[in-house]
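Numbering (our numbering), first residue to last: 5 to 83. Think of the CB as a built atom: it goes at the ideal place given N, C-alpha and C, for glycine as much as any other residue. Remember, predicted model here, so these are calculated numbers, not experimental data. Here the structure is laid out as structure tokens; the discussion comes afterwards.
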Amino acid sequence: MESARTVPEIARIIKATRKQQGIRQQDLADLSGVSCRFLSDLENGKASVELGKVLAVLATLGLEPLLRPRSSKVGHDGY
């Protein structure tokens, strides 16, 4: 399982997974219900992409995000 903590790391994993699965960018965009432009921006690490669309792309690739606390120093309010 790969870990990603930054937008560029997430972008790299998405692009690598797409290529490993032999899926063209346009096909992944179509299957995910997003534009090819959005997918290109996502794979290039653009930080302002919409989370819902990112989740759709991840689901199409068979990936899921895992959220967990950064460390035990996180307070009860999450900060």
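- The three-state secondary structure of residue 72, taken from DSSP, is coil.
- If you ignore the 5 residues before and after residue 64, its C-beta comes within less than 8 Å of the C-beta of 32, 35 and 36, all in its own chain and listed in chain order.
- The beta carbon of residue 49 sits closer than 6 Å to the beta carbons of 11, 12 and 15 from its chain, once the five residues preceding and following it are set aside; these are given in chain order.
- For residue 22, the enclosing alpha helix (DSSP H) covers residues 11 to 24.
- Residue 18 is not a Cβ neighbour of residue 54, given a cutoff of 8 Å.
- For residue 65, no alpha helix (DSSP H) segment is defined, and its DSSP state is neither H nor E.
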